[in-house]
Each structure stands twice: as structure tokens, then as C-alpha cells.
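K.L.:
Structure in C-alpha cells, see below.
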Amino acid sequence: MSLTSLVFVLFCIITFFLYFIVPKKIQWLILLIASLIFLFYDNFSVFTVLQLLIVILSSYFFGRLVDKYRDTKRGKVFLALGIIIILGLLIYLKYTNLFLTTFNHFLMLFGNSYRFELVHRTSLIGISYWSLIMISYLIDVHRGAIKSEKNILKLSLFMSYFPILTSGPFIRYDDFKDQVDRGEKKKFSYDALCSGLVRILWGLFKILVISQRLGYFVDHVYGHMVVLEGMYIFLAACFFVLQLYTNFSGSIDIIMGVSEILGIKLPENFKAPFFSTTITEFWRNWHITLGAWLKDYIFYPLLKSNFMQSLNKKCKNIFGKKIGKKIPLYLSMLIMWTLIGIWHGGAYTYIIGSGLLQFIFIFLEDVLEPVSNKINKKLGINTDTFSYRLYQRIRTFLLFSFSMIFFRANSVYEALRIIKHMFVWNPYILFDNTSLYYAKLDMFDFRILIVSLVALFVVESLSRSYNVREKLFKQNIVFRWGIIYALIFAIIIFGCYGVGYDAASFIYRQF
Amino acid sequence: MTKEEIFERLNNVFRDVFDDEEITVDENTTSDDIEDWDSLEHINLIVAVESEFGMKFNMNEVTTMKNVGDMAKIISERASK
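Protein sequence lines correspond, in order, to chains A and B.
Heads up, the first sequence is in the numbering used here, so the first residue is 636 and it goes up one at a time.
Heads up, the second sequence is in the numbering used here, so the first residue is 6 and it goes up one at a time.
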């Protein structure tokens, strides 16, 4: 069910209605039913039902067992079994082809003509989210941070809560239970409705007006890169990052708005990432809940593991304290970034684009920091100025755009070819009246894009200092409704609805 | 182990980990007060505290402790067991 489809609007209205008229005791049940409908709407089959049953039953029973045998060897075995089953299912459904292609390449390398056929498996929507969410549930039970859930249906709601299925964010069992299960009945609130709706509108604006439009350009250039080279590719690479961001954060806005109306607060996933001055900072503001998940369940445990600690000691003895302690750190980071890349998709383009390149950037930022500090000092550059920060922001954006060429390309080879074709000097296409419009978008589209992107950056900039929606609701009625109507009309008039209505497919949905 | 004892030993650990002889921690010291105390140094600190006091924090404690007071509380709870 696409978040920009009429079906989804109808689905939400019915869910809201039922949710607010039933007694508190069964409100969660309405959410569960709605979530199951959402989960199976696009692919209902024996195979997908089986997937749900496997995950739910293993999380439930192993969760109970881990709780019962906490701090014993048996508890650890149950934890491991639970994780292996959930992770196994994820790998089986998402990563079989990665193994098969790798294997095929090896066969080719040794002159063997046999090839394994790639498989196509339908997985339940949101698999990359709910598998990790359920793994963290089991680990939290094991760590004693939470008690295991006694009601299997409530655990099912935690796993399948429909707003998070399309593109996250990652939620924690404790936060979620606090809001859904404990406390008062969720009453309908007019304020929450307004605030939620404005957020939904903002999300629709980002997706339909900006992201879809940028997508036309990006798709066209990537499809014709031999003819459209140089500046076109450079623009397409930058546009793709903006397309990805407006699409991803736009769908997050929509589902956050929906959840806000339901009275359930979800953790924020973005914090104006394009204002970051380094890639390190960028990832603190981009897909925040993924980063937090990895930190708590992979990075910290890894750094604290006996292996890393003994490596730490050895390196300190050999290289001294300062450099020595960095080596296990970089090694852990390399492992974590590889996993982030793999999480994004079962192909080397993702592993390189959203994993290894990010690691390289962050590694270089850390290593080169003292050098760049020295240079700045020598040249007398004042780094605490708007212009210097602007330079840093543009640099960060360009580095990220570069890495996303891999993310967008169909193969590593294609990505390298794209990069090769990018280095053709033809910036004049920006100025000679018509050249820019070869790639699907006309002058009118570019004007809409410029105005919308300026609006986006202004709102993002304001959002760094305060809650923009709260401020908006404090404005007087004319201004407030003026903005809201402008948003509505912009979506209706300038939205790209593509062929047929349901064109807004979500980039992040496949993950 | 008295509270003073715990904090005295904690001071030594902090000074060693952050390479700064000037550091003195109290219950309300947080990562904001010590410049180098980021999420990475946090783990090194935790490991150093563990080896100093011969105990183990669990991962939940590692990620939820808010200040040095929380840390000292866990240490004294473990010590009295």
C-alpha cells in the first residue's frame, strides 16, 4: 500500500475512526488488525503468512525462555537460537542472490560455465526493519532491560505496527509499550489531528512535488549517460541525493503524522542532514534510528568484546596510547559500515555506496583533522564563519552524492562508468537556454524545483532551532491557513502523479 | 567500599583514560563536562572502570547511564553483593 495512494488515505480514516470509538482495552487490537491488513495488502500468500508466523513465534517463545533463564548458559543458547532464526530468515529472503552472484563470479573466474539461477522471493513488507526490531527485543530481554511480552498478539503489534513498515524508524519495545499499553485511553485530539495533518502534507509535498520530479531527471540521465555526460551526470548525482532524502524523509513525515494522530510518538529519523559539516555528523542526522540501533547492538558490544579489548592493549603497547586505541576503533567501524551497506541491500553497489565509502570518508576525516587544523592555522583561516561552514556543508553534500552514485547504479561497473562520464567539461549546458531541458524536465519544472528546494531548506534551517509546526500554529489565522493552503495547492497542482495515480514508489521500501 | 573511595578510584581511571590529570569527577559529571568523552571513549572508559573494580557492566547499563553518579551507584551495588 503506497503512502501516497487513495487506498492509504481511506485505510487511515477507517483506522482512526475505529481506534477512537472503541474502549481503551481493545484500542491496540484495532491497531493490530490494521497493521496486519497493511502487512499483507500487497502480497498475501502462504509464503508470507509463514514468514510472519516464524518471526512471531520464535520471538515470542525465545523471548519468554530468555527471560526465564536470564544470566544462565541456557538463556544465552535460547537468545542465540532466536537471533539465528530471525537473521536466517532475513538472509534467506534478502541475500540469497548476493551469495549466488558472488559464487557465479567465482565459477566464471575458474572457467566453469555453470551458473546458478538467481531467485526471486517475495518477502513481507518492512522485513529489514522488523527483523532488526525483533532481534533488539530479544537482546533487550537478555540484557534485563525489559521483561518479555506475555501476550503474543501484543508482541505481534510491536513487530508489525503499520506506520513503521514502509521506511522505519526503528522503534524500541519499551518506548512502544509505554505508549500503546500503559496509560490512559488514547482520546481523539483536534490539536494532534491538525499537527499530524500538517506533517503529512509536508511529507506529500516532499515526495510528490520534489522527489518525483527529481526522479524523472535522474532516471533519464542514468538511462542515457553516454549522450548526457559531464554536467548532466554531476547534476543527476546531486539530484539523486535530494530525491532520496525527500522521498525517505517525506514518507517518514507521513507515517509520523499518522502515528501522531493515533497518539503514539515515534523517534525522529532525520535532523536537517544537509546542514552537517562532516560525513560523521551527517550520519548522526540521517537515518538516526538505524545508527542508534547499530551503536547499541553491534558497535558497543563489538568494541567491548574481549577480542577488541586485547587488540586494544596490544596496539597500545606497539603504537603508543594515542594511535593504539584508534586501531580497534577503526576495525569496529569498518565492520559496522560493511553491515550498514549490507543492510541497505543485497548487492555490492550498496555495500560500497552506503557502507565502505562512508567508512573511508569518516576514517579520512578523523585522520586528516589535525592536518587540516594545522593548514587552517597556518593560512589564518577563520573556521568559525558562515562561509567556512558553507564550504564544509557543500563538501559533505558532494562527498555523499558521490558515494550515492554506487547506491543508485545497477552494478559496480556501471557506477564506475558513470563516474568516468562525469568528468567531461560542459558546464555551459546550464546557461545555453535549452540543453538543460533534454532530460525530461522543462523550464517550468526547474522553476518549481528551485522554489520548492528553497522552501525545503528554509524549513530545515528553521527546524534546527525550534519546532516549526508548533511555531506555525502560534501564528495568526491568516498566515497559518495561508501556509497550509499554499501547501495543499502546491501538492495538487505541482505534484507529479505519473502515469496512473500510484506512481510514487518509495525508494526505501525495498529495504 | 565507601562512596569517597569509589570516587577516588574513579578519578584515577578518568585521568588515565582521558589523559588529563586535572579531571575530578562527582555525581553530576556527564559526558558534556569532559571534552573527549564521546560515545567511543565511553566504551574505553567502561572497560577501564570494569578492570579497576573487577566487575562487569551489562550492555543495558552501558547505554543507559546518564552521569558518573549512575556509574558509581552500579559499582557500589555490585560491591555490596
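For glycine and all other residues, C-beta sits at the position ideal for the given N, C-alpha and C.
Within its chain, find whatever has a CB closer than 6 Å to the CB of LEU877 (chain A); leave out the 5 residues flanking it on each side and keep chain order.
P.N.:
The answer, listed in chain order, is LEU849.
K.L.:
Whose CA, out of A:ALA1074, A:ALA715, A:GLY980 and A:ILE835, lies closest to the CA of SER640 (chain A)?
P.N.:
SER640 (chain A) has its Cα closest to that of A:ILE835, out of A:ALA1074, A:ALA715, A:GLY980 and A:ILE835.
K.L.:
Going by alpha carbons, who is nearest to ILE760 (chain A) out of A:LEU687, A:VAL701 and A:MET860?
P.N.:
Of the listed residues, the one whose Cα sits closest to ILE760 (chain A) is A:LEU687.
K.L.:
Using the three-state DSSP reduction, which class does LYS960 (chain A) fall into: helix, strand or coil?
P.N.:
If DSSP states are grouped into helix, strand and coil, LYS960 (chain A) belongs with coil.
K.L.:
Would you mind reading off the limits of the alpha helix (DSSP H) that contains VAL18 (chain B)?
P.N.:
Taken as a continuous stretch (DSSP letters only), the alpha helix (DSSP H) holding VAL18 (chain B) covers 8–23.
K.L.:
Among the residues of its own chain, which have a CB less than 8 Å from the CB of ASP1137 (chain A), if the five just before and after it don't count?
P.N.:
A caution first: ASP1137 (chain A) carries a pLDDT of 41, below 50, which makes its placement in the model unreliable, though a value can still be read off. Excluding sequence neighbours, ASP1137 (chain A) sits near SER637, THR639 and SER640.
K.L.:
In three-state terms, what does DSSP make of THR912 (chain A)?
P.N.:
In this structure, THR912 (chain A) counts as coil in the three-state DSSP scheme.
K.L.:
Using a Cβ cut-off of 8 Å (strictly closer), state whether GLY35 (chain B) contacts chain A.
P.N.:
Note that residue 35 (chain B) is Thr in the sequence shown, not Gly. Cβ-Cβ to chain A under 8 Å: no for THR35 (chain B).
K.L.:
Could you compute how far the alpha carbon of ALA1139 (chain A) sits from the alpha carbon of GLY838 (chain A)?
P.N.:
Note that ALA1139 (chain A) scores a pLDDT of 47, beneath 50, so its modelled location is shaky and nothing firm can be said.
K.L.:
Give the residues of chain A in contact with MET64 (chain B), contact being defined as C-beta atoms less than 7 Å apart.
P.N.:
Within chain A, the residues near MET64 (chain B) are ARG778, TYR935 and PRO936.
K.L.:
For the candidate residues A:GLU752, A:PHE738 and A:GLY710, whose alpha-carbon lies nearest to that of GLY746 (chain A)?
P.N.:
That would be A:PHE738, whose Cα lies nearest to the Cα of GLY746 (chain A).
K.L.:
Between SER830 (chain A) and SER1022 (chain A), what straight-line distance do the alpha-carbon atoms span, to the nearest angstrom?
P.N.:
Each residue's alpha carbon lies about 35 Å from the other.
K.L.:
Since LEU45 (chain B) meets chain A, which of its residues come closer than 7 Å, beta carbon to beta carbon?
P.N.:
Near LEU45 (chain B) (Cβ distances below 7 Å), the residues of chain A are LEU964.
K.L.:
Using a C-beta to C-beta distance shorter than 8 Å, which residues of chain B count as neighbours of ASP931 (chain A)?
P.N.:
In chain order: MET64 and THR68.
K.L.:
Any beta carbon from chain A within less than 8 Å of ILE48 (chain B)'s own beta carbon?
P.N.:
Judged by the 8 Å Cβ criterion, ILE48 (chain B) is in contact with chain A.
K.L.:
Any chance you could list the alpha helix (DSSP H) runs of at least 4 consecutive residues sitting entirely within the region 937–1024 of chain A, in chain order?
P.N.:
Taking only runs of at least 4 residues, the alpha helix (DSSP H) segments lying wholly in the region 937–1024 of chain A are 941–954, 956–959, 961–979, 983–986 and 992–1014.
K.L.:
Give me the chain A residues within the contact set of ILE51 (chain B), using Cβ-Cβ distance strictly less than 8 Å, ordered along the chain.
P.N.:
Those within 8 Å of ILE51 (chain B) in chain A are LYS939.
K.L.:
Does the beta carbon of GLN993 (chain A) sit closer than 8 Å to a beta carbon anywhere in chain B?
P.N.:
Cβ-Cβ to chain B under 8 Å: no for GLN993 (chain A).
K.L.:
Counting only C-beta atoms, is LYS960 (chain A) closer than 8 Å to chain B at any point?
P.N.:
Yes, because at least one Cβ of chain B sits closer than 8 Å to the Cβ of LYS960 (chain A).
K.L.:
Where are the alpha helix (DSSP H) runs, 4 residues long or more, that stay fully inside the region 761–831 of chain A, in chain order?
P.N.:
Listed in chain order, they are 762–778, 787–795 and 808–815.
K.L.:
In angstroms with no decimal places, state the Cα-to-Cα distance between ILE668 (chain A) and ILE719 (chain A).
P.N.:
Straight-line Cα distance between these residues: approximately 28 Å.
K.L.:
Check whether the Cβ of LYS930 (chain A) sits closer than 7 Å to any heavy atom of the ligand NAP, and report yes or no.
P.N.:
Only the bare structure without any ligand can be found here, which leaves the ligand NAP out of the picture.
K.L.:
Give me the Cα-Cα distance between PHE1066 (chain A) and TYR851 (chain A), rounded to the nearest whole angstrom.
P.N.:
Going by the C-alpha atoms only, they are around 21 Å apart.
K.L.:
Which of the three DSSP states, helix, strand or coil, is assigned to LEU1076 (chain A)?
P.N.:
If DSSP states are grouped into helix, strand and coil, LEU1076 (chain A) belongs with coil.
K.L.:
In angstroms with no decimal places, state the Cα-to-Cα distance between GLU784 (chain A) and MET70 (chain B).
P.N.:
About 24 Å.
K.L.:
Apply the 10 Å Cβ neighbour rule to GLY892 (chain A) and answer buried if 16 or more other Cβ atoms are within range, or exposed otherwise.
P.N.:
Result: buried.
K.L.:
Let's test the definition: count the other Cβ atoms within 10 Å of the Cβ of PRO658 (chain A) and tell me whether it reaches 16, buried, or not, exposed.
P.N.:
When all chains shown are included, PRO658 (chain A) counts as exposed.
K.L.:
So, helix, strand or coil for ASN1068 (chain A), using DSSP?
P.N.:
Note: ASN1068 (chain A) maps to coil in three-state DSSP.
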